[in-house]
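Count along the sequence shown starting at 1, add 58, and that's the number in our numbering.
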Amino acid sequence: MAVRTLILDDQAVLRGNLRMRFSREGCEVAEAENAFQGWEVFLKFKPHLVTLDIIMPDVEGFTALELLRRIHKTSDETDVIVISSNVVNREEFLKEGAIGFIAKPFETFGGLMDKLRPLIEVLDSRMDTSGQKELQKA
Numbered sequence: 059m060a061v062r063t064l065i066l067d068d069q070a071v072l073r074g075n076l077r078m079r080f081s082r083e084g085c086e087v088a089e090a091e092n093a094f095q096g097w098e099v100f101l102k103f104k105p106h107l108v109t110l111d112i113i114m115p116d117v118e119g120f121t122a123l124e125l126l127r128r129i130h131k132t133s134d135e136t137d138v139i140v141i142s143s144n145v146v147n148r149e150e151f152l153k154e155g156a157i158g159f160i161a162k163p164f165e166t167f168g169g170l171m172d173k174l175r176p177l178i179e180v181l182d183s184r185m186d187t188s189g190q191k192e193l194q195k196a
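1. The alpha helix (DSSP H) with Ala122 in it runs from where to where?
2. Excluding five sequence neighbours on each side, which residues of the same chain lie with their C-beta closer than 6 Å to the C-beta of Gly96?
3. Using the beta-carbon count (16 or more within 10 Å), is Glu165 buried or exposed?
4. I need the straight-line Cα distance from Ser81 to Val146, nearest angstrom please.
5. Return the residue from the list Thr121, Asn75, Val140 that minimises the CA-CA distance to Leu107.
6. For Ile129, count the other beta carbons within 10 Å of its own beta carbon; 16 or more makes it buried, fewer makes it exposed. Which is it?
7. Between the beta-carbon of Phe94 and the beta-carbon of Arg62, is there less than 9 Å?
8. Spatial neighbours of Gly74 within its chain, please: C-beta separation below 7 Å, excluding the five flanking residues on both sides.
9. Does DSSP put Ser142 in a helix, a strand or coil?
10. Alpha helix (DSSP H) containing Glu135: first to last residue?
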């Protein structure tokens, strides 16, 4: 089973680059360009990992911080990594449950994936372990 990853960013070029890189890592990928759309995709896709830009157009006051709060109220199996140029609110997002914060601009997409790869591997092994437990129950 592939790690399901939701890329939430209003920049189409960044989403496309991340999609390509996550796909190369064996992830199943979905995208959204604002918090409202991200919530809809989250509910349908049920990702294991969300990359969240915190500077996106809000839709009727629905912000990235509110999305993070909703994700953590809904799922304890989804990890959120904030990738943003706004480092001022870093601590607030970490306090609300983000497991990491990566500042933009990053030097290269390869360098970004070097930071994210260990997490993907942990999520992948976690899924393998839970899959084996399910088989043992049957």
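Every residue gets a Cβ at the ideal spot worked out from N, C-alpha and C, and that includes glycine.
Reading off the structure:
1. Taking the sequence shown and counting its residues from 1, the one referred to as residue 122 is at position 64. Element bounds for Ala122: 122 to 132.
2. Along the sequence shown, one-based indexing puts residue 96 at 38. Cβ neighbours of Gly96 beyond the five flanking positions: Leu66, Ala90, Leu125.
3. Here residue 165 refers to the residue found at position 107 of the sequence shown. Glu165 comes out exposed.
4. Counting from 1 along the sequence shown, the entry for residue 81 is found at position 23. Counting from 1 along the sequence shown, the entry for residue 146 is found at position 88. Take the alpha-carbon of Ser81 and the one of Val146: they are about 31 Å apart.
5. Your numbering for residue 107 matches position 49 in the sequence shown. The residue among Thr121, Asn75, Val140 with its C-alpha nearest the C-alpha of Leu107 is Val140.
6. Within the sequence shown, numbered from 1, the residue matching residue 129 stands at position 71. Burial of Ile129 is indicated by the presence of at least 16 other C-beta atoms within 10 angstroms of its C-beta.
7. As a working mapping, residue 94 is identified with position 36 in the sequence shown. As a working mapping, residue 62 is identified with position 4 in the sequence shown. The Cβ atoms of Phe94 and Arg62 lie no closer than 9 Å to each other.
8. The residue given as residue 74 occupies position 16 in the sequence shown. The beta carbon of Gly74 lies closer than 7 Å to none in the same chain, with the five residues before and after it left out.
9. In the sequence shown, the residue the question calls residue 142 occupies position 84. For Ser142, the three-state secondary structure derived from DSSP is strand.
10. To locate residue 135, count along the sequence shown from 1; it is residue 77. Boundaries for Glu135: no alpha helix (DSSP H) harbours it, and the DSSP string shows neither H nor E there.
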